[in-house]
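Chains as they are written, first to last, in the working numbering: chain A, 1 to 213; chain B, 214 to 394.
For every residue, glycine included, the Cβ atom is placed at its ideal position computed from N, Cα and C.
The block underneath contains the structure these notes are about, expressed in structure tokens.
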């Protein structure tokens with residue numbers, strides 16, 4: 001940025017104010033960056049109801065977010081991965097159709113608009129978990145919830161044991177956040193709720209979209 | 214670091230160009246990865262497992278399947294049944310009532326008023342009150358869309374919203390698990 005004109009004065013712009021401003025912008029973005037958004041499956045269209053409330057400001061609630069949906073086998077030839085329903089929207093955000101998107105990225109048009117006879121699945125940080133364990137990274141839904149419950153029980157003061165939950169009627173502190181698509185069958189959501197209840201969870205937050213949007 | 218001599222004094226100026234370049238790169242990263250979280254609302258509920266209830270035929274229902282019916286205490290249960298009539302996930306038929314007294318099929322638009330009556334009646338502590346209940350079970354066809362279930366949860370939540378208390382032991386059950394009706 002500095003340069004000198006032969007025979008003339010050396011012109012050096014003062015970069016300090018611009019640097020100050022850039023650091024302020026960086027600070028702003030660092031503060032507002034939300035890593036928690038990674039646990040939300042934004043392809044889900046949540047139901048909208050009137051009595052739902054936003055999370056209270058500064059609420060110190062331990063949340064376990066579960067994105068519930070149904071999956072089906074990818075119709076792409078030779079692909080045995082699971083596929084989820086996606087909504088196709090045009091530039092103005094208007095719904096123009098549905099398609100299946102599998103774990104390997106295959107896209108297939110799906111005019112039916114809802115998966116019937118699909119398998120119940122949870123999306124956890126982009127991983128699809130089903131009732132059956134597939135590999136180490138894809139444990140069963142029950143296995144995953146048991147792992148989370150184990151961690152939560154140890155974190156409680158005083159720590160809980162499985163016996164406290166099963167025989168002494170103790171409850172977990174954590175709140176299970178159910179994010180289910182509006183077209184998700186009740187049977188799938190109920191399976192997840194029942195599995196959470198078996199692990200000792202009693203507090204639930206049923207997520208909805210913002211009314212009026 | 215550039216040095217500039219002025220009348221025998223040495224003025225040291227810091228070259229901030231490199232720092233500015235790095236700061237711009239950081240800024241570009243944060244701008245490109247910035248995605249505001251979606252605005253979401255929620256309903257907080259305490260969802261205990263459904264307590265077993267004794268039906269008219271003495272059959273136990275609910276989630277306590279392994280218990281002997283003799284060991285089960287009767288729990289007065291207000292039940293809302295949502296039937297997926299067409300099998301397409303939409304709401305077909307709604308029934309409400311206390312199973313030991315009788316269920317009544319009603320149009321969906323009357324459900325709010327009926328719930329209001331039951332919840333108002335619940336505050337009446339007299340033992341003779343036939344409409345008092347200890348738990349609320351929402352029985353739903355497994356194929357019903359979640360959106361329809363949430364509409365009913367919304368109606369239930371609104372009944373207790375003004376009183377500052379939470380729903381009394383709301384539980385979900387898939388239709389077909391209870392047989393006493």
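Item                                                                                                                                                          : Value
Mind checking which residues open and close the alpha helix (DSSP H) that includes residue 195 of chain A?                                                    : 186-198
Can you name the start and end residues of the alpha helix (DSSP H) that residue 17 of chain A belongs to?                                                    : 16-32
Which residue or residues does DSSP assign as beta-bridge partners of residue 67 of chain A?                                                                  : A/123 and A/179
Less than 8 Å between C-beta atoms, sequence neighbours within five positions excluded: which residues of the same chain meet that for residue 1 of chain A?  : With a pLDDT of only 47 at residue 1 of chain A, under the threshold of 50, the placement of this residue in the model should not be trusted; the figure read from the coordinates follows. Here the set comprises 12, 13 and 15.
Taking contact to mean at least 3 C-beta pairs separated by less than 8 Å, is the region 73-80 of chain A in contact with the region 52-64 of chain A?        : no
Please report how far the alpha carbon of residue 223 of chain B lies from the alpha carbon of residue 230 of chain B, in whole angstroms.                    : 21 Å
Just the chain A side, please: which residues come within less than 8 Å of residue 411 of chain B by C-beta, in chain order?                                  : For chain B, the structure presents residues 214 to 394; residue 411 of chain B sits outside this window and is missing.
Which same chain residues, not among the five before or five after residue 220 of chain A, have their C-beta less than 7 Å away from its C-beta?              : Only positions 1 to 213 of chain A appear in this structure, which leaves residue 220 of chain A out of reach.
The alpha helix (DSSP H) that contains residue 294 of chain B, what's its start and end?                                                                      : First-last for residue 294 of chain B: 290-296, but that is the beta strand (DSSP E), not the alpha helix (DSSP H).
What's the gap between the Cα of residue 325 of chain B and the Cα of residue 319 of chain B?                                                                 : 11 Å
Could you tell me the alpha carbon to alpha carbon distance between residue 332 of chain B and residue 138 of chain A, rounded to whole angstroms?            : 44 Å
So with Cβ pairs under 8 Å, would you call residue 385 of chain B a contact of chain A?                                                                       : yes
Can you tell me whether residue 385 of chain B is buried or exposed, with buried defined as 16 or more other CB within 10 angstroms of its CB?                : buried
Spatial neighbours of residue 234 of chain B within its chain, please: C-beta separation below 7 Å, excluding the five flanking residues on both sides.       : none
Straight-line CA distance for residue 398 of chain B to residue 311 of chain B?                                                                               : In the structure displayed, chain B extends from 214 to 394; residue 398 of chain B sits before or after that span and is not available.
Give a yes or no on whether 8 Å exceeds the smallest Cβ distance from residue 149 of chain A to chain B.                                                      : no
Tell me the residue span of the alpha helix (DSSP H) that contains residue 144 of chain A.                                                                    : 141-155
Residue 87 of chain A lies in the beta strand (DSSP E); which residues open and close that run?                                                               : 82-89
With 8 Å set as the bound, which would you pick, yes or no: does the beta-carbon of residue 1 of chain A sit closer than that to a beta-carbon of chain B?    : Note that residue 1 of chain A scores a pLDDT of 47, beneath 50, so its modelled location is shaky; the value from the coordinates is reported in the next line. Residue 1 of chain A counts as touching chain B.
Would you report the Cα separation of residue 169 of chain A and residue 64 of chain A, rounded to the nearest angstrom?                                      : 21 Å
Please tell me whether residue 189 of chain A has its Cβ less than 8 Å away from any Cβ of chain D.                                                           : Looking at the structure shown, chain D is missing, and the protein chains on hand are A and B.
Apart from the five residues on each side of it in sequence, which residues of its chain come closer than 7 Å, Cβ to Cβ, to residue 89 of chain A?            : 95 and 96
What did DSSP end up calling residue 269 of chain B once you bin it into helix, strand or coil?                                                               : Low local confidence applies: a pLDDT of 39 at residue 269 of chain B is under 50, so the model's placement there is unreliable, and no value is given.
Comparing the C-beta of residue 332 of chain B with each C-beta of chain A, is any distance below 8 Å?                                                        : no
Return helix, strand or coil for residue 102 of chain A, following the three-state DSSP convention.                                                           : strand
Assign residue 361 of chain B to buried or exposed, taking buried as 16 or more other Cβ atoms, counted over all protein chains shown, within 10 Å of its Cβ. : buried
I want to verify the contact list: residues of chain B whose CB lies under 9 Å from the CB of residue 94 of chain A, in sequence order.                       : None at all; the shortest Cβ gap to chain B is about 18 Å.
For the region 28-59 of chain A, list every residue whose C-beta sits within 8 Å of some C-beta in chain B, in sequence order.                                : 29, 30, 32, 33, 34, 36, 37, 40, 42, 46, 47, 49, 50, 51, 52, 53, 54 and 55
For the region 301-324 of chain B, enumerate the residues whose C-beta is nearer than 9 Å to any C-beta of chain A, in chain order.                           : 301 and 302
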